[in-house]
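In my numbering, the protein residues as written are 5 to 145.
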């Protein structure tokens, strides 16, 4: 795992960056949800990855990521089983996933830094409150 081999030359960190990436889903059983894709200007079935990267202001590296599964998926055990989703996976919002990823990366020794996120994260009360209470918050809106 890249975060366990954290490159010391990135220290001191200037920020953690929370974001998500979506891509068109492929196949009949791939996990997906409907969303707007900017380059297509319409709704499409997509998969969304919540990710956390760290930066020193010049370079950045990813330290954590997880696929977002909508509640429509996690509340359907047969559908999850058919797609290979482990039974212990439960619904979590994207901000909840991001917070879990940050806490896991910190536990693995990635140094703390302010957290940057768009309004989807900075505007999420519980996520913003946890980040602020731990002095990691700084949101771009």
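No residue lacks a Cβ here, since even glycine has one placed at the ideal position from N, Cα and C. None of the values given here were measured: they were computed from a predicted structure.
For residue j and residue i, the rounded distance between their alpha carbons
{"i": "residue 85", "j": "residue 50", "result": "19 Å"}
{"i": "residue 23", "j": "residue 135", "result": "15 Å"}
{"i": "residue 143", "j": "residue 127", "result": "Confidence at residue 143 is low in this model, with a pLDDT of 48, below 50, so its placement is unreliable and the value that follows should be read with caution. C-alpha separation (whole angstroms): 9 Å."}
{"i": "residue 123", "j": "residue 97", "result": "14 Å"}
{"i": "residue 20", "j": "residue 65", "result": "10 Å"}
{"i": "residue 63", "j": "residue 34", "result": "33 Å"}
Rounded distance between the beta-carbons of residue j and residue i, thought under 8 Å
{"i": "residue 56", "j": "residue 14", "result": "Not confirmed; about 14 Å, so no contact."}
Residue i beta carbon near the ligand HEM (any heavy atom closer than 7 Å)
{"i": "residue 116", "result": "Within the structure as shown, the ligand HEM is missing, as the structure has no ligands at all."}
Coarse secondary structure for residue i, derived from DSSP in three states
{"i": "residue 121", "result": "coil"}
{"i": "residue 16", "result": "coil"}
{"i": "residue 97", "result": "coil"}
{"i": "residue 126", "result": "helix"}
{"i": "residue 56", "result": "strand"}
{"i": "residue 68", "result": "strand"}
{"i": "residue 48", "result": "strand"}
Buried or exposed by the 16-neighbour rule on C-beta atoms within 10 Å, applied to residue i
{"i": "residue 82", "result": "exposed"}
{"i": "residue 107", "result": "exposed"}
_Touch test, the stretch 67 to 82 against the stretch 92 to 109, Cβ-Cβ under 8 Å, three pairs minimum_ = yes
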